[in-house]
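Visitor:
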Amino acid sequence: TSFLHVDEDFINSHEDPHFALAFARIENHYFVNGGFFEVEEQLLRDAHRIADIPGVIVHGRYDVVCPLQNAWELHKAWPKSTLEISPAAGHSAFEAENVDALVRATDRFAG
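Under this note's numbering, the first residue of the sequence shown is numbered 505, with each subsequent residue one higher.
Given below as structure tokens:
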């Protein structure tokens, strides 16, 4: 799982076969197509293209899917970014700390 702590309710909410098939198809579509990146380093290579656009990078401290080093490298390459690390979260945007950080980030831009 991409959660730091097992969330049985979240797991149970995804037991529906129709949902599971749809989710698997979407995930596999991205994996088969390499995430639609030209090269693995594309985000860092092209970060200069968004250098003047503010943004927030939210990253779970215990994310084992995407290493924290990747978020740090992107933050260094993107001058107008803010890096917010959720200290007790993993990869999933559905973990409470990541949800809170994402809401704070969108609130900042909404004014």
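Virtual Cβ for every residue (Gly too), placed ideally from N, Cα, C.
Remember, it's a predicted structure, so these values are computed and weren't measured experimentally.
(1) According to the Cβ coordinates, are Glu-599 and His-509 closer than 9 Å?
(2) Beta-carbon separation of Asp-556 and Lys-580 under 9 Å?
(3) If we call anything under 9 Å between Cβ atoms a contact, is Ser-590 one with Arg-565?
(4) Tell me whether Leu-606 sits in a helix, a strand or coil according to DSSP, three-state version.
(5) Within this structure, are the beta carbons of Trp-576 and Gly-559 separated by less than 9 Å?
(6) Mind checking which residues open and close the alpha helix (DSSP H) that includes Leu-508?
(7) Can you grab the Cα-Cα spacing for the pair Ala-592 / Asn-537, in whole Å?
(8) Using a 10 Å radius around the Cβ and a threshold of 16 neighbouring Cβ atoms, would you call Asn-532 buried or exposed?
(9) Excluding the 5 residues flanking Glu-588 on each side, which residues of the same chain have their C-beta closer than 8 Å to its C-beta?
(10) What are the start and end residues of the beta strand (DSSP E) that includes His-563?
Guide: Quick look at the numbers:
(1) Pairing Glu-599 with His-509 gives a Cβ-Cβ distance under 9 Å.
(2) Result no, Cβ atoms of Asp-556 and Lys-580 do not sit closer than 9 Å.
(3) In this structure, Ser-590 places its C-beta atom within 9 Å of the C-beta atom of Arg-565.
(4) Collapsing the DSSP output to three states places Leu-606 in a helix.
(5) Contact check for Trp-576 against Gly-559 fails: the beta carbons are separated by 9 Å or more.
(6) Neither: Leu-508 is in no alpha helix (DSSP H) and is coded neither H nor E.
(7) Here the C-alpha atom of Ala-592 lies approximately 31 Å from the C-alpha atom of Asn-537.
(8) Only exposed fits Asn-532, as fewer than 16 other CB atoms lie within 10 angstroms of its CB.
(9) Excluding residues within five positions, the ones whose Cβ falls inside 8 Å are Val-560, Ile-561, Val-562, His-563, Ala-605, Arg-608 and Ala-609.
(10) Membership of His-563 in the beta strand (DSSP E) is indicated by the continuous run 559 to 564.
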